[in-house]
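These notes concern the structure reproduced below.
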Amino acid sequence: MFAFRTWVPERQVRVGPFVVEVVPVRHPVEAYAIRVTGPSTERPGEQATLVYSGDTDACAGLVEAARGADLFLCEAAFQEGRDLVDGIHLTGYRAGRAARAAAVRRLVLTHLPAWNDPQVALAEAASAYPGPVELAAPGATYTL
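Heads up: the sequence shown runs through residues 11 to 154, numbered per this note's numbering.
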């Protein structure tokens with residue numbers, strides 16, 4: 011049995027040891043970045059935060075959601091200079107700028123379409139974000 015509820019922006023929901031928050035982001039339909047905070051396995055006694063951007067373009071809500079995250083899983087479906095549609099997806103560069111503005115510890119790019127060269131997104135992100143950045147990979151795990 012499932013209990014469905016409507017997301018309420020910036021309201022914390024507790025799921026076991028985790029606190030989940032959603033923050034509205036910029037997309038043509040209702041979309042949210044999701045912030046999950048819970049016990050760190052790398053730093054016993056401390057908390058760790060994972061943020062997933064969801065589909066979005068650059069916006070204040072994205073930076074707010076990602077602020078100080080240990081791991082920022084961020085979409086980068088578009089490429090700078092090629093994809094000129096506004097308000098739908100990030101480029102690697104814009105994902106990197108958001109990661110830098112939010113002072114995240116680590117950036118992982120996702121939502122990379124098959125027709126894009128993932129190395130372009132990685133290079134774009136690395137040009138804007140000085141911290142560790144990598145591409146999401148099937149089966150990858152991340153310890154926080």
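Ideal placement from N, C-alpha and C gives every residue a C-beta, glycine not left out.
Here the structure is a predicted model, which is why all the values come from computation and not from measurement.
Counted as a single uninterrupted DSSP element, the beta strand (DSSP E) harbouring R24 occupies residues 23 to 25. Runs of the alpha helix (DSSP H) spanning 4 or more residues and lying entirely within the region 31 to 104 occur at 70 to 76, in chain order. Per DSSP, L154 is not a residue of any beta strand (DSSP E), being assigned neither H nor E. The beta carbons of V33 and E20 sit closer together than 8 Å.
Counting along the chain, no beta strand (DSSP E) covers L132; the unbroken alpha helix (DSSP H) around it starts and ends at 128 to 138. According to DSSP, residue pairing for T120 in a beta bridge involves E85.
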